[in-house]
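Numbering (our numbering), first residue to last: 3 to 164. Even glycine gets a Cβ: it sits at the ideal position worked out from N, Cα and C. These numbers were taken from a predicted model, which means no experiment stands behind them.
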């Protein structure tokens, strides 16, 4: 009965969405989609960055051994690679005291390609020094800008943020 009264009074009764309501729903869905895509891209980038840390693993072992025996092996640590096999790893270098420097490639993002992440051996909260700190317990500081890391912390895993 009510709908008949509305139709007689000149108002049209529309059982469904109006075009305005539809536009609002589509706009909200679009905003949610943009947020999801950005979050996913950030997640995939962080996942790829993990490869850099994993590729540095063999060097961490070599550095541990050098500190255990008290001297750097002749000719380097033996894990340095100018062209490693990783898809996102351009190079791996190690300085005289065991700081590992891994350079990124293949991301298609200038904020990451050619940038580095560092892993620094630490003794009692300070960067370790060979042969002074030989035989001492090592900890690792990963992703600290003061050590030379140039990749933004937003892309680094939470365990590698200095």
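Would you mind stating whether residue 88 and residue 65 have Cβ atoms separated by less than 9 Å?
No, the pair does not count as a contact, with Cβ atoms beyond the cut-off.
Give the C-beta separation of residue 81 and residue 60 to the nearest angstrom, bearing in mind that I take them to be a contact with Cβ-Cβ under 8 Å.
Contact between residue 81 and residue 60 holds, with the beta-carbon distance rounding to 5 Å and staying under 8 Å.
Report the three-state DSSP secondary structure of residue 92 (helix, strand or coil).
Three-state result, residue 92: strand.
Which runs of the beta strand (DSSP E) at least 3 residues long sit entirely within the region 100-157? Give them in chain order.
Taking only runs of at least 3 residues, the beta strand (DSSP E) segments lying wholly in the region 100-157 are 102-106, 118-125 and 141-144.
In angstroms, rounded to a whole number, what distance separates the CA positions of residue 90 and residue 121?
Rounded to the nearest angstrom, the gap between the Cα atoms of residue 90 and residue 121 is 17 Å.
State yes or no: is the C-beta of residue 68 within less than 9 Å of the C-beta of residue 132?
Contact: yes.
Residue 41: first and last residue of the uninterrupted alpha helix (DSSP H) it sits in
Start and end: 21-57.
Less than 9 Å between the C-beta atoms of residue 150 and residue 103, yes or no?
By the CB criterion at 9 Å, residue 150 and residue 103 fall inside the cutoff.
Separation of residue 46 from residue 167, as counted between CA atoms
Beyond the ends of the chain as shown, which are 3 and 164, falls residue 167; an answer cannot be given.
Select from 36, 72 and 41 the residue whose C-alpha is nearest the C-alpha of residue 156.
Minimum Cα distance to residue 156 is reached at 41.
Span separating the alpha-carbon of residue 136 from that of residue 63:
Residue 136 and residue 63: Cα-Cα distance of roughly 15 Å.
Residue closest to residue 116, alpha-carbon to alpha-carbon, out of 125, 94, 139 and 99
Looking only at 125, 94, 139 and 99, the smallest Cα-Cα distance to residue 116 is reached by 94.
Opposing strand residues paired with residue 83 [DSSP bridges]
According to DSSP, residue 83 bridges with 94.
Which residues in the same chain as residue 143 place their Cβ atom closer than 6 Å to its Cβ, once the five residues preceding and following it in sequence are excluded?
These residues qualify, in order along the chain: 122 and 124.
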